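The block underneath contains the structure these notes are about, expressed in structure tokens.
In UniProt numbering, the protein residues as written are 1 to 299.
Right, here's the structure in full:
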């Protein structure tokens, strides 16, 4: 059953229409709002709207939680959190493999990191996709690579190491660029290792993430929700990519961006405007109005 306000059906427009009903959370309940970054909160050229930034601050000031949940590594997520003025709370990075808590002497601490040994998975990837570029994540720093990626292809520092050394590393995920379509034999082999693959597109390139099974943005957000004591009926998530599907299904109110692919829209409870329409700001405004108990305008 959808946990979204019922008046959000006509949504491929810059503003969500005012909800006829509210989220099913009890009055006054803290909310948890999870936002994807690239393609949802931030445009391809790195722009976040002034209105979205302001609404994030207002929602937090009202006592609720705004979390960033992204495929970005932590090192590339921290500047986004800083731009939004997030100096406490949680961040979900690397598609759920890494959860960090903001604060402390270095600005954050790792709250949870789900790891595995890279070697067996790398052997499978190289066997089935011998021409792909791959990287092994080094949390908080960037990636270990056997061959450098082109500039601005992956985020964070690239440290070139010998392949045999790379195979011995413990990591939270392996990423491969221009990986092509999923290969059934690769997927089966990864499953035997307790790993899974997620495929998604960035800048017209097909990417693949290899991470422990049952790890996703949704699994990380559920851990945080329980930690914060937020009612499961007071959860909202906004995203646009294939790696957002489980997160949108997890939330009481899952909102797909207006430009999202059909599979993402199908996973959501409703759809907002596109990134060019600042669709995420419309969702944040609806949440803030809910928190402030605003009355709907007359139609």
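C-beta atoms are modelled at their ideal positions from N, C-alpha and C, and glycine is treated no differently. In this text, all values refer to a predicted model and were calculated from it rather than measured experimentally.
Extent of the continuous beta strand (DSSP E) run through residue i
{"i": "residue 102", "result": "98-102"}
{"i": "residue 35", "result": "32-35"}
{"i": "residue 159", "result": "157-160"}
{"i": "residue 109", "result": "108-113"}
{"i": "residue 142", "result": "142-145"}
{"i": "residue 237", "result": "235-239"}
{"i": "residue 282", "result": "Careful: residue 282 lies outside any beta strand (DSSP E), inside the alpha helix (DSSP H) at 279-292."}
{"i": "residue 93", "result": "90-93"}
Other residues of its chain near residue i: CB distance less than 6 Å, five sequence neighbours each side excluded
{"i": "residue 254", "result": "237, 248, 268 and 269"}
{"i": "residue 32", "result": "65, 225, 230 and 235"}
{"i": "residue 146", "result": "163 and 166"}
Residue i versus residue j: straight-line alpha-carbon distance, rounded
{"i": "residue 61", "j": "residue 188", "result": "47 Å"}
{"i": "residue 79", "j": "residue 258", "result": "26 Å"}
{"i": "residue 212", "j": "residue 66", "result": "26 Å"}
{"i": "residue 194", "j": "residue 289", "result": "43 Å"}
{"i": "residue 96", "j": "residue 217", "result": "4 Å"}
{"i": "residue 117", "j": "residue 136", "result": "10 Å"}
{"i": "residue 41", "j": "residue 250", "result": "19 Å"}
{"i": "residue 144", "j": "residue 108", "result": "22 Å"}
{"i": "residue 160", "j": "residue 186", "result": "25 Å"}
{"i": "residue 272", "j": "residue 88", "result": "28 Å"}
{"i": "residue 155", "j": "residue 279", "result": "25 Å"}
{"i": "residue 171", "j": "residue 132", "result": "19 Å"}
{"i": "residue 29", "j": "residue 226", "result": "14 Å"}
{"i": "residue 206", "j": "residue 261", "result": "14 Å"}
{"i": "residue 266", "j": "residue 52", "result": "25 Å"}
{"i": "residue 50", "j": "residue 75", "result": "23 Å"}
{"i": "residue 21", "j": "residue 246", "result": "Residue confidence for residue 21 is low, a pLDDT of 41 falling below 50, so the modelled location carries little weight and cannot support an answer."}
{"i": "residue 210", "j": "residue 293", "result": "43 Å"}
{"i": "residue 7", "j": "residue 244", "result": "For residue 7, the pLDDT reaches just 41, beneath the cut-off of 50, and the residue's location in the model is therefore unreliable, leaving the point undetermined."}
{"i": "residue 282", "j": "residue 126", "result": "44 Å"}
{"i": "residue 184", "j": "residue 228", "result": "39 Å"}
{"i": "residue 215", "j": "residue 174", "result": "13 Å"}
{"i": "residue 82", "j": "residue 34", "result": "16 Å"}
{"i": "residue 44", "j": "residue 38", "result": "7 Å"}
{"i": "residue 36", "j": "residue 192", "result": "30 Å"}
Exposure of residue i, with buried meaning 16 or more beta-carbon neighbours within 10 Å
{"i": "residue 103", "result": "exposed"}
{"i": "residue 287", "result": "buried"}
{"i": "residue 168", "result": "exposed"}
{"i": "residue 328", "result": "Lying before the first or after the last residue shown, residue 328 is absent from the chain, which here runs from 1 to 299."}
{"i": "residue 263", "result": "exposed"}
{"i": "residue 134", "result": "buried"}
{"i": "residue 138", "result": "buried"}
{"i": "residue 241", "result": "buried"}
{"i": "residue 46", "result": "exposed"}
{"i": "residue 284", "result": "buried"}
{"i": "residue 77", "result": "buried"}
{"i": "residue 328", "result": "The structure shown does not extend to residue 328, since the chain is modelled only from 1 to 299, so the question has no answer here."}
{"i": "residue 70", "result": "buried"}
Sequence-distant residues of the same chain with beta carbon closer than 8 Å to residue i, five excluded per side
{"i": "residue 99", "result": "90, 91, 92, 93, 110, 111, 112, 113, 220, 223 and 224"}
{"i": "residue 63", "result": "30 and 291"}
Beta-carbon proximity list for residue i, same chain, < 7 Å, skipping 5 on both sides
{"i": "residue 57", "result": "85"}
{"i": "residue 141", "result": "75, 156 and 157"}
{"i": "residue 190", "result": "121, 124, 196, 197 and 210"}
{"i": "residue 274", "result": "257, 258 and 259"}
{"i": "residue 115", "result": "170, 171 and 172"}
{"i": "residue 153", "result": "177"}
{"i": "residue 148", "result": "158 and 160"}
Span of the alpha helix (DSSP H) around residue i
{"i": "residue 133", "result": "First-last for residue 133: 133-138, but that is the beta strand (DSSP E), not the alpha helix (DSSP H)."}
{"i": "residue 59", "result": "50-61"}
{"i": "residue 46", "result": "Unbroken run through residue 46: none, as it is neither H nor E."}
{"i": "residue 77", "result": "74-83"}
{"i": "residue 228", "result": "217-228"}
{"i": "residue 263", "result": "262-267"}
One or two residues paired with residue i in a DSSP bridge
{"i": "residue 245", "result": "Paired residue(s): none; residue 245 is not in a bridge."}
{"i": "residue 212", "result": "195"}
{"i": "residue 250", "result": "Answer by DSSP bridge pairing: none, since residue 250 is not bridged."}
{"i": "residue 65", "result": "32"}
{"i": "residue 170", "result": "117"}
{"i": "residue 175", "result": "135 and 209"}
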